[in-house]
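Student: FYI, in the UniProt record's numbering the residues of the sequence shown are 1 to 651.
Every residue, glycine too, gets a C-beta built ideally from N, C-alpha and C.
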Amino acid sequence: MILLQGQNLARLFGATVLFDNIQITVQDHSRIALVGRNGAGKSTLLKILAGIEATDAGSVSKSKDVTIGYLDQHSAVDSSNTIWQEMLTIFTPLIQLTQEAEKAAFALGDPDLLEDEEAYQKALERYDQLQHTLHEKNAYGYESEIRSVLHGFQFYEEDYDRPISQLSGGQKTRLALAKILLEKNDLLILDEPTNHLDIDTLAWLENYLIGYNGSLLIVSHDRYFLDKVATEVYEISRHKIQHYKGNYSYYLTEKAARLEQDLKAYEKQRDEIAKLEDYVARNLARASTTKMAQSRRKRLEKMDRMEKPKGDERSARFSFEIAKESGNVVLTLENGAVGYGDTILADPINLDIRKQQAIAIVGPNGIGKSTLLKSIISEIPLLKGRVQLGANVDLGYYDQELGNLSNNKTVLAEIWDLHPTLNEKDVRSILGSFLFSGADVEKTIPALSGGEKARLSLCKLALDQKNFLVLDEPTNHLDIDSKEVLENALIDYDGTLLFVSHDRYFINRIATSIVELSAEGSKVYLGDYDYYIEKKQQEAALAALQQAEKAAEATAAAETVSKAKGDYVSSKEKLKLERRLARQVEALEDELATVEESIAAIELQLTDPEVFGDHEKVQQFNQHLLALQAQQDQLMQDWEEQTTALEELSE
1 MILLQGQNLA RLFGATVLFD NIQITVQDHS RIALVGRNGA GKSTLLKILA GIEATDAGSV
61 SKSKDVTIGY LDQHSAVDSS NTIWQEMLTI FTPLIQLTQE AEKAAFALGD PDLLEDEEAY
121 QKALERYDQL QHTLHEKNAY GYESEIRSVL HGFQFYEEDY DRPISQLSGG QKTRLALAKI
181 LLEKNDLLIL DEPTNHLDID TLAWLENYLI GYNGSLLIVS HDRYFLDKVA TEVYEISRHK
241 IQHYKGNYSY YLTEKAARLE QDLKAYEKQR DEIAKLEDYV ARNLARASTT KMAQSRRKRL
301 EKMDRMEKPK GDERSARFSF EIAKESGNVV LTLENGAVGY GDTILADPIN LDIRKQQAIA
361 IVGPNGIGKS TLLKSIISEI PLLKGRVQLG ANVDLGYYDQ ELGNLSNNKT VLAEIWDLHP
421 TLNEKDVRSI LGSFLFSGAD VEKTIPALSG GEKARLSLCK LALDQKNFLV LDEPTNHLDI
481 DSKEVLENAL IDYDGTLLFV SHDRYFINRI ATSIVELSAE GSKVYLGDYD YYIEKKQQEA
541 ALAALQQAEK AAEATAAAET VSKAKGDYVS SKEKLKLERR LARQVEALED ELATVEESIA
601 AIELQLTDPE VFGDHEKVQQ FNQHLLALQA QQDQLMQDWE EQTTALEELS E
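1. Among the residues of its own chain, which have a CB less than 6 Å from the CB of LEU526, if the five just before and after it don't count?
2. With DSSP as the reference, label TYR251 as helix, strand or coil.
3. Evaluate the contact criterion for the segment 187-195 versus the segment 7-22: three or more CB pairs, one atom per stretch, below 8 Å.
4. How is GLY438 classed by DSSP in three states: helix, strand or coil?
5. Please determine whether the Cβ atom of LEU209 lies at a distance below 6 Å from any heavy atom of the ligand ADP.
6. Which residue's Cα is closest to the Cα of ASP494: HIS502, ILE52, LYS255 and ILE510?
7. Count Cβ pairs between the segment 344-358 and the segment 481-489 that sit closer than 8 Å; are there 3 or more?
8. Given LEU402, which residues of its chain have a CB within under 6 Å of its CB, disregarding the five upstream and five downstream residues?
9. If I follow the unbroken beta strand (DSSP E) through HIS243, where does it start and stop?
10. Checking 7 Å against the spacing of the C-beta atoms, do ARG31 and VAL229 come in under that value?
11. According to the neighbour-count rule (16 or more other Cβ atoms, all chains shown, within 10 Å of its Cβ), is GLU597 buried or exposed?
12. If the criterion is Cβ atoms closer than 7 Å, does the pair VAL411 and LYS460 meet it?
13. So does the segment 67-83 actually touch the segment 251-270, counting three or more Cβ pairs closer than 8 Å?
14. With H, G and I counted as helix, E and B as strand and the rest as coil, what does DSSP make of ARG162?
15. Look at LEU395 and PHE468 and say whether their C-beta atoms are less than 7 Å apart.
16. In chain order, what residues of the same chain lie with their CB nearer than 6 Å to the CB of SER433, ignoring the 5 residues before and after it?
17. Ends of the beta strand (DSSP E) at LYS64?
18. Going straight from the alpha carbon of GLY390 to that of PRO309, what length do you get?
19. Whose C-beta lies closer than 7 Å to the C-beta of TYR568 among residues of the same chain, with five residues either side of it excluded?
20. Considering only residues of the same chain and omitting the five flanking positions on each side of ASN185, which have a CB-CB separation below 7 Å?
21. What do you reckon, are the CB atoms on VAL485 and VAL393 nearer than 7 Å?
22. Can you list, in chain order, the residues of its chain whose CB lies under 8 Å from that of LYS179, leaving out five sequence neighbours each side?
23. Helix or strand or just coil, what does DSSP make of ILE377?
24. Return the bridge partner residues of LYS384 from the DSSP annotation.
25. Check the C-beta distance from TYR160 over to ILE83 and give it rounded, since I have them as a contact under 8 Å.
26. Assess contact between the segment 251-258 and the segment 44-53, defined as three or more Cβ pairs (one per stretch) separated by less than 8 Å. Is contact present?
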């Protein structure tokens, strides 16, 4: 079923075409990623499809009754409510329906109604309808849904009564995303939903969206996220759109294959044209071959000549060189601590960085990752410990706030003033490799976009030729193409890297080891991001296994834990866990059967003339019935969770 379709869409700015002849179709349960360079018009196209902006040509059609949720990249909740009150507003119709059901239950005990059998039957049918609707809409489980989603975005029980007005900008943005997920629209249109989320929250959001019942249309620069969530990709390039079936990695492969195929077809036609033209030139004047030459000339005239296929749009091209080699030991930090005032965020932190290592620092937002980098460059003092740089180490720093750029210079002056021995032609050539060409170099820095400022900051860093680069969120503001250029430059870099990033794709390509920062300090994982995730999953499985065994029997726990250290899911432990889950499922089923029997008994009693003739009894029975139905819903939810866990363990 088609939920939404854009046909021949266009956006013009005077005589400038942003995009035109755009065709895009969103089907039921689509998982669409919209990609393209910064400035290609992705956000504008989302707004047109969401009905926020009008198209300059073509049309957008939407299936009847389809609900659309749209979140732009700057969305934030602005409300005088508390967090919990704001989440409840999503379920206002459901809460009103619950209240209506309670009133209907109360009305069934009205003595006057009981005397009118026809009216009573209608009221009873209305009550049954309301109960059916409430069960369909999970009326007794919405609070659990709210808690689950808030927890995913790192809002906990103690936060629920906090006024939204007291939240930070990032928290308000996360709350806006939580709200739109809870609305359960048929189609979610999300513009950069992963911005400013830490890695744990990103992973949670991925899993939530993978299981989302509706369709998704997403713009994101997070390639790891797109690989996990998207099943088809639309790319805007050179004002046009191309469609690819598959995730982001498939799109890259298929795009390259299409270009190669188009180039072969173009070259084949060129060869054919050259042969035809040569034949016509040699044979047109000969009487014996004139007709054949004329025939070939007509073929040439009628031929639909292909344009030479264009590859990717021009990308930045740069590298990081070093002026001199460092010693083998680049940096050491023993028992360090970061924080602010008397508050310690992470302690103890230990780092031993060697030449040509590439180390990624990860951890939740607010744990002090950027603070640690600023301590390493001596901008903020450590609360404990001391940073020691090795021999011949020259440190270069990239600030995610881009604070190293001037406020009153042009792009050209920013670079030339730092390197006055270069001539203007060389400076322009260097800036050209970072996509600043022509009049772009005369722009003042405040007039630049975030992506342009990031490229200029990287240009300055590249020219410094430092042998130890400390990078704080270097992929922020960059489009996917620029990220890939940066990655390739860092992969070829002969120096040492220490960086903070939320971009898991970037970490996976660059990092040789991961340092996880937490309140307990630092922990090193010797591998890329995928290895880090695998080890974290093993640790979580081991912890869960230990906890399960402790709850079952203390003596068995000791044996299980020792075995789990070697093989965290041995067959014996797996069997034990299966048996335990099976017993829990069986117990839940018995409890469900008991509750269902109680519900049936009450419903039967409510039809007894002696009962429904007693207003007070009816009220008591209905209240008991509502409580049992809520218990039934919770038991069903627990049963489904345990059954799913048992099935996954059995696979």
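Tutor: Here's the rundown:
1. By 1-based counting over the sequence shown, the position of residue 526 is 526. Result list for LEU526: SER513, in chain order.
2. As a working note, residue 251 is residue 251 in the sequence shown. Residue state, collapsed to three classes: helix.
3. no
4. As a working note, residue 438 is residue 438 in the sequence shown. Helix, per DSSP.
5. With respect to small molecules bound, the structure shown includes none, and the ligand ADP cannot be examined in it.
6. Translated into the one-based positions of the sequence shown, residue 494 becomes position 494. Checking every option, the nearest Cα to that of ASP494 belongs to ILE510.
7. No, they do not touch.
8. For the purposes of this step, residue 402 is identified with residue 402 of the sequence shown, where counting begins at 1. Around LEU402: LYS453 and SER457.
9. Counted from its first residue, the sequence shown places residue 243 at position 243. Per DSSP, HIS243 belongs to the beta strand (DSSP E) from 240-245.
10. Counted from its first residue, the sequence shown places residue 31 at position 31. Counted from its first residue, the sequence shown places residue 229 at position 229. Their beta carbons are under 7 Å apart, which means ARG31 touches VAL229 by this criterion.
11. Here residue 597 corresponds to residue number 597 of the sequence shown, with the count starting at 1. Result: exposed.
12. Along the sequence shown, one-based indexing puts residue 411 at 411. Along the sequence shown, one-based indexing puts residue 460 at 460. No, Cβ-Cβ distance for VAL411 and LYS460 is not below 7 Å.
13. no
14. For the purposes of this step, residue 162 is taken as the residue at position 162 of the sequence shown. Residue state, collapsed to three classes: coil.
15. As a working mapping, residue 395 is identified with position 395 in the sequence shown. As a working mapping, residue 468 is identified with position 468 in the sequence shown. Taking 7 Å as the Cβ cut-off, LEU395 and PHE468 qualify as a contacting pair.
16. Indexing the sequence shown from 1 puts residue 433 at position 433. Cβ within range, chain order: ARG317 and PHE318.
17. Within the sequence shown, numbered from 1, the residue matching residue 64 stands at position 64. Boundaries for LYS64: no beta strand (DSSP E) harbours it, and the DSSP string shows neither H nor E there.
18. As a first step, residue 390 is located in the sequence shown; it is residue number 390 there, counting from the start. As a first step, residue 309 is located in the sequence shown; it is residue number 309 there, counting from the start. Each residue's Cα considered, the two are about 51 Å apart.
19. Within the sequence shown, the letter at position 568 stands for residue 568. Because TYR568 sits at a pLDDT of 47, beneath the cut-off of 50, its placement in the model cannot be relied upon, and the following sentence gives the value as read from the coordinates. Only GLN538, ALA541, LEU542 and LEU545 meet the Cβ criterion.
20. If you number the sequence shown from 1, residue 185 lands on position 185. Hits under 7 Å: THR67, ILE68, GLY69 and GLY214.
21. Working through the sequence shown from its first residue, we reach residue 485 at position 485. Working through the sequence shown from its first residue, we reach residue 393 at position 393. No, they are not a contact pair.
22. As a position in the sequence shown, residue 179 is number 179, starting the count at 1. Result list for LYS179: VAL77, GLU86, MET87 and ILE90, in chain order.
23. Numbered from 1 along the sequence shown, position 377 holds the residue referred to as residue 377. It is coil, neither helix nor strand.
24. Reading the sequence shown from its first residue, position 384 is the one you call residue 384. In the DSSP output, where bridge partners are listed per residue, LYS384 has ALA337.
25. Start at 1 with the first residue of the sequence shown, and residue 160 comes out as number 160. Start at 1 with the first residue of the sequence shown, and residue 83 comes out as number 83. Your pair TYR160 and ILE83 checks out as a contact, with CB atoms roughly 5 Å apart and the cut at 8 Å.
26. no
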